[in-house]
Structure formats: C-alpha cells, structure tokens
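Engineer:
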Amino acid sequence: MVSVGDTAPDIVGSLADGDLSKFTLEEHLGDGPVVLAFFPAAFSSTCTDEFCRFRDEFSTFAEVDATVFGVSTDLPFALNAFREEHDLPFGLVSDTDASAVDAYGVRDSFDGIGVPTVAGRAVFVLDEAGTITYSWIADDSSLEPPYEEVEDAVASAADRTDG
31 MVSVGDTAPD
41 IVGSLADGDL
51 SKFTLEEHLG
61 DGPVVLAFFP
71 AAFSSTCTDE
81 FCRFRDEFST
91 FAEVDATVFG
101 VSTDLPFALN
111 AFREEHDLPF
121 GLVSDTDASA
131 VDAYGVRDSF
141 DGIGVPTVAG
151 RAVFVLDEAG
161 TITYSWIADD
171 SSLEPPYEEV
181 EDAVASAADR
191 TDG
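Under our numbering, the letters of the sequence shown match residues 31 to 193, in that order.
Spelled out as structure tokens, the structure:
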C-alpha cells in the first residue's frame, strides 16, 4: 500500500478518452497535479454519482492545471461508453490486469456477485513530480470520496508546484 510522501507507482493500461490508446502515468507527470480516482465498476450507482460529481467540479481542477484520471479494472470499451454516457471531460484508465490496483493497495472484490477483482474506491493526489500528497481509501465501496478534501488537496499540490 502506498502512503502520502511516497513516489506514485507508474500505471500502465489503456486510456479511454473517446479513443483508445496505451496509457502510462509517467507520461502525464510534470504539468501540474494529477488526481487518480480508483473506482469499482462503470455504470454502478455510486461510481456514476462520483464521476458525475468530478465532472461537475472539473473546472476547479482545470483552474490549477490538474489532470484527472479514473482507474478501474473494467474493459476500455466499457469505460469509453461510461465516459460518453456521462459526458466526462477526463480520461478513464483500464487496469484489466489489476497491476495498478495492487500497486496502490486498493484491490477489492464483489464476491457476492462472482466478481473476484475490482478496484476499491480510492483517491490519490500527486504533485507534478509524482509524489503522493493526498490519499483517501474507502472502507466501504458504497462511500463517495470527501470531495472538498480532494479539491483542497489538489490546490495544495498545485501550490507545491508553483512554490
């Protein structure tokens, strides 16, 4: 599991941003803070609520040049459909092998419905150097993140960048 102050593990997956392409987190560092929002399942009610809230608050992140990525074990095609249906202005990363989920220590499951591996709900904020400056991991996947805390953490990471 990663902690505040750690260097963020790289993430390699597929980026669903309207198109599909290879994604590495490393390529997105250096231009401002990065928000990584891990989520269990596209189209589930809590995930939809969470990502619509991030969509609605996106200008707050854009004002400080923050980049937002959702990260899930869903297939990239499902993530593109989720992104399109909810008009999400940021990319979603498909982590089908759960390597990012494991690297960040957020593996969860929906064993009750036969799904052995999903991303647990979590948010990490990175400064532009890739240092984790904020971490929130849900104890229960039905919980949404503390949005104001996330916004404050992004502003603080941006200040570190500017300072």
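Glycine residues also receive a C-beta, built at the ideal position from the N, C-alpha and C atoms.
For clarity, every value in this text was computed on a predicted model and none was experimentally measured.
(1) Leaving out the 5 sequence neighbours to the left and right, which residues in its chain are closer than 8 angstroms to Gly48 when beta-carbon positions are compared?
(2) With distances taken from CA atoms, which of Gly43, Tyr164, Asp170 is nearest Gly35?
(3) Can the beta-carbon of Phe99 be found closer than 8 angstroms to that of Val123?
(4) Taking the straight line between their C-alpha atoms, what separation do you get for Ala92 and Ala185?
(5) When the Cα of Asp138 is compared with those of Pro39, Val148, Glu57, which residue comes out closest?
(6) Go through its chain and collect everything with a Cβ distance to Ala82's Cβ below 6 angstroms, but skip five positions before and after it.
(7) Please report the straight-line C-alpha distance between Phe68 and Arg151, rounded to a whole angstrom.
(8) Where do the N-terminal and C-terminal ends of the beta strand (DSSP E) with Val64 fall, by residue?
(9) In three-state DSSP terms, what is Leu122?
(10) Just to confirm the assignment: which complete alpha helix (DSSP H) runs, minimum length 4, are found wholly within the segment 75-119?
(11) Which whole-angstrom value describes the C-beta separation of Pro119 and Phe88, a residue pair presumed to lie in contact below a C-beta threshold of 8 angstroms?
Structural biologist: On the basis of the data shown:
(1) Asn110, Arg113, Glu114
(2) Tyr164
(3) yes
(4) Whole-angstrom Cα-Cα distance: 11 angstroms.
(5) Looking at Pro39, Val148, Glu57, the one whose alpha-carbon comes closest to that of Asp138 is Val148.
(6) Inspection of the sequence shows that residue 82 is occupied by Cys rather than by Ala. Closer than 6 angstroms at Cβ, skipping near neighbours: His116.
(7) Separation of Phe68 and Arg151 (C-alpha to C-alpha, rounded to the nearest whole angstrom) is 5 angstroms.
(8) 64-68
(9) Reduced to three states, the DSSP call for Leu122 is strand.
(10) 75-86, 88-92, 106-115
(11) 5 angstroms
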